[in-house]
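Here the structure comes first, spelled out in structure tokens, and everything after it is commentary.
Written as structure tokens, this is what we have:
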């Protein structure tokens, strides 16, 4: 039988780190292929290869028995490969009909957009996805689930042969999801080939004909749906030995609460979040991408507001305080995007490290530069920033791991009592990771509380005293270190 | 309620001002005066129309006042040296396109922030114009003023130009692929690129259009004034931006329209100026009123954006 899509031995690496290692898969027309894997297993990279966003370093792809090597997203679209992303590629300020055709609008004899034709064609496409709305309405008036259907209608309008759905249900209500599944069934019957990526394993088992499990950039298992159960999928997704990467802390958490969170809620974001963080504790926050981990961290730090609940730091209510005031009271926050939010990339190591603690080094509004320089260099030595000849070097030149150490140094100078770390080792190589873990341990040993968010379960299991699991903005489970079990944690996260 | 207010605030403001001026200076509400306001607002409205294109892509063009100046000065020099009028008009058009292309080149090719590029060309353009005119006012022959007062099909020349440009711009923005691509680019340039839009081409084109409109605005102004002084077009960029933003264009891109939007915004600004004159208001008051208008325009834009963003927050869980 001929396949619609065949990938053989795809390889892709970024700056020497292999992300995809010899991935082969195939898909027939009229079938749905499920693709599952942990965060960072290489799913996105694989999809970027298919969509022409990235080009493979090795291996080949064939689409309907022709060589397929798209150089750009536009070329992938022309070949009939359509994407429905988690983050929709739609324009909220254009009408639904315009969104279906952008950038190639139907034109009349004078070169103007033929609105009548566009409306007619849009109505047909919307009918095909059973979305009954006026095509002239602005996209922003639609609910997320309806927008998803618009994106699918757009793909159909581009004569897609292969449609890739990336976490399509992550922002849908269960009714909207059902509607989407019915549509997927119909499209399959019409002979469209689909790749369905999702963390919701029950959906994958229900919808897909075949399933591929990706782990660490390689295929950990593949086969017909009948060969899999939820248990087996989870085992295949995680089955990796814990590396001896995580140093052991010398002290247990103290019996003294430093941060208390009580029934924190923000409609549409988080719901009744309650937990305590002890002095000397490293508390993990696990969950899927989009579960609300970063949003929770931003609320704790005061970047976003919350509707109800209370926040207590060192016995003082901080819920109404601005981020700056929370920092003065001992809160620190390492963001997940250090390039955009954590560092001034072109400023020097010293300037970056001094940023937060600067007011402490001022007397009569003037900065005592010598005292500051001494403190900064003591701190950068202590976190072991490498790869720089002096602290006068721009952080842009540093490796990811060393940049992260500069961010840590910046906050540690302030001697925080609670440190929120959002993906502290993202894009950090193994050597620097171990050093970051050591820094975290020292911080906890000194009596600070650490809230650690990570997409890597291994890391949380290796580092944390306790772990909370967040799903769709709610805490669904809490595990003590002795109870850590990858499958149970993953199950709590997947739901 | 708040939403309705921010949405129709310019119209409410417009009505309130008409009432105020009409009360203080009854002459103000005459038909002749309205035609006057329309004629006098033509230049700024044309410049603001070009500005709308740029604002829609989340860019800005601060150089329009200087482009008006250079274009008018070049045309003036040509006319004074005995060249025919059509050549002067062609020079105006070409100057506008060239200045816009220069801005566009720096912005798209070397990826310099539009604010900085056009701030630089604002100063460079003013300097070039002053050198060209030797910092003296060019007093142009009668033939130029005759253009300004000429009527075509009953419409005064400035109003005719205004109508043609505004209608053309409106159709371009609403009915052509290019126009809708401008909106898409302003909504999210990265998404636009992924959707297959040539974002660089769109951005290039809007600055050329803005330059061209600025030059044509200069032509209309010079035909009304009959002279090019060293301050010709000075600070018109602010009036143009204020007109577009009052008319609903967002400085953050993707939102705005020429009709009625920018057109009404320009009329509003001119109405205030005329009204103040008719009320015999203290001239020192003019800049204060103008600054209040700009402040209101930008404040409205921020409030609108905030309202819009609140509607766009990513939902993690279905709202209950």
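Residue numbers (the numbering used here), protein chains in the order written: chain X, 1 to 495; chain Z, 1001 to 1320. Idealized CB from N, CA, C, for every residue including glycine.
Could you tell me the distance, in whole angstroms, from the CA atom of residue i to the CA atom of residue j?
i: residue 1194 of chain Z; j: residue 127 of chain X; result: 26 Å
i: residue 53 of chain X; j: residue 1009 of chain Z; result: 44 Å
i: residue 373 of chain X; j: residue 417 of chain X; result: 23 Å
i: residue 1275 of chain Z; j: residue 1060 of chain Z; result: 29 Å
i: residue 1221 of chain Z; j: residue 1031 of chain Z; result: 22 Å
i: residue 1104 of chain Z; j: residue 1065 of chain Z; result: 17 Å
i: residue 1075 of chain Z; j: residue 390 of chain X; result: 58 Å
i: residue 484 of chain X; j: residue 223 of chain X; result: 30 Å
i: residue 1106 of chain Z; j: residue 1100 of chain Z; result: 10 Å
i: residue 467 of chain X; j: residue 279 of chain X; result: 15 Å
i: residue 293 of chain X; j: residue 1095 of chain Z; result: 54 Å
i: residue 241 of chain X; j: residue 212 of chain X; result: Low per-residue confidence applies at residue 241 of chain X: pLDDT is 48, beneath 50, and the placement is therefore not dependable, though the value from the model is reported in the following sentence. Answer to the nearest angstrom: the Cα atoms are 21 Å apart.
i: residue 327 of chain X; j: residue 433 of chain X; result: 25 Å
i: residue 1044 of chain Z; j: residue 1163 of chain Z; result: 13 Å
i: residue 257 of chain X; j: residue 1308 of chain Z; result: 40 Å
i: residue 289 of chain X; j: residue 455 of chain X; result: 7 Å
i: residue 338 of chain X; j: residue 345 of chain X; result: 9 Å
i: residue 1136 of chain Z; j: residue 1123 of chain Z; result: 18 Å
i: residue 295 of chain X; j: residue 286 of chain X; result: 13 Å
i: residue 453 of chain X; j: residue 492 of chain X; result: 16 Å
i: residue 252 of chain X; j: residue 281 of chain X; result: 7 Å
i: residue 308 of chain X; j: residue 89 of chain X; result: 33 Å
i: residue 104 of chain X; j: residue 1196 of chain Z; result: 9 Å
i: residue 494 of chain X; j: residue 216 of chain X; result: 19 Å
i: residue 284 of chain X; j: residue 451 of chain X; result: 6 Å
For residue i, count the other beta carbons within 10 Å of its own beta carbon; 16 or more makes it buried, fewer makes it exposed. Which is it?
i: residue 445 of chain X; result: exposed
i: residue 2 of chain X; result: exposed
i: residue 1207 of chain Z; result: buried
i: residue 359 of chain X; result: exposed
i: residue 437 of chain X; result: buried
i: residue 410 of chain X; result: buried
i: residue 305 of chain X; result: exposed
i: residue 228 of chain X; result: buried
i: residue 95 of chain X; result: buried
i: residue 1283 of chain Z; result: exposed
i: residue 1320 of chain Z; result: Residue placement at residue 1320 of chain Z is poorly supported in this model, since its pLDDT is 47, which falls under 50; the coordinates still yield a value, given next. Exposed is the call here.
i: residue 511 of chain X; result: The question about residue 511 of chain X has no answer, for chain X in this structure spans 1 to 495.
i: residue 166 of chain X; result: buried
i: residue 65 of chain X; result: exposed
i: residue 1264 of chain Z; result: buried
i: residue 1081 of chain Z; result: exposed
i: residue 84 of chain X; result: buried
i: residue 1139 of chain Z; result: exposed
My assumption, with CB atoms under 8 Å, is that residue i sits in contact with residue j. Please give the rounded CB distance.
i: residue 1048 of chain Z; j: residue 1240 of chain Z; result: 4 Å
i: residue 196 of chain X; j: residue 207 of chain X; result: 6 Å
i: residue 333 of chain X; j: residue 301 of chain X; result: 4 Å
i: residue 45 of chain X; j: residue 19 of chain X; result: 5 Å
i: residue 125 of chain X; j: residue 157 of chain X; result: 5 Å
i: residue 1297 of chain Z; j: residue 1245 of chain Z; result: 4 Å
i: residue 233 of chain X; j: residue 201 of chain X; result: 5 Å
i: residue 447 of chain X; j: residue 225 of chain X; result: Not really, about 52 Å apart at Cβ, beyond 8 Å.
i: residue 1046 of chain Z; j: residue 1216 of chain Z; result: 5 Å
From the beta carbon of residue i, is the nearest beta carbon of chain A less than 7 Å away?
i: residue 440 of chain X; result: The displayed structure is made up of protein chains X and Z, and chain A is not among them.
Residues of the segment 1175–1186 of chain Z with a CB closer than 7 Å to any CB of chain X: list them in chain order, please. 1175, 1176, 1177, 1180, 1181, 1183, 1184
task = Could you please tell me which residues of the segment 63–80 of chain X, in chain order, have their CB closer than 8 Å to any CB of chain Z?
result = 73, 74, 77
Margin query: Under 8 Å, CB to CB, which of the residues in the segment 91–111 of chain X have a partner in chain Z?
Written below: 91, 92, 93, 94, 98, 102, 103, 104, 105, 107, 111
Where are the alpha helix (DSSP H) runs, 4 residues long or more, that stay fully inside the segment 129–179 of chain X, in chain order?
144–157
What residues in the segment 1194–1212 of chain Z have a beta carbon less than 7 Å from any beta carbon of chain X?
1194, 1195, 1196, 1197
Checklist entry - Closer than 8 Å, Cβ to any Cβ of chain X: which residues of the segment 1223–1255 of chain Z, in chain order? => result 1254, 1255
Task: Segments assigned beta strand (DSSP E), at least 3 residues, entirely inside the segment 415–443 of chain X - done: 418–422
**Request:** Mind checking the segment 268–302 of chain X against chain Z and listing, in chain order, the residues whose C-beta falls within less than 9 Å of any C-beta there?
**Result:** 268, 269, 270, 271, 290, 291, 292, 295
Output, in sequence order along the chain, the residues in the segment 112–138 of chain X whose CB is closer than 8 Å to any CB in chain Z. 112, 113, 115
Extract the residue ranges of the alpha helix (DSSP H) inside the segment 1262–1310 of chain Z, only unbroken runs of 4 or more that lie entirely within it. 1263–1278, 1285–1310
Practice prompt. Could you pull out every unbroken beta strand (DSSP E) segment of at least 3 residues lying fully inside the segment 224–306 of chain X, listed in chain order?
Written response: 257–266, 270–278, 282–287
Taking Cβ-Cβ distances below 7 Å as the criterion, which residues of the segment 1271–1301 of chain Z are in contact with chain X? none
Mind listing, in chain order, the continuous beta strand (DSSP E) runs of no fewer than 3 residues lying wholly within the segment 34–97 of chain X? 58–63, 81–84
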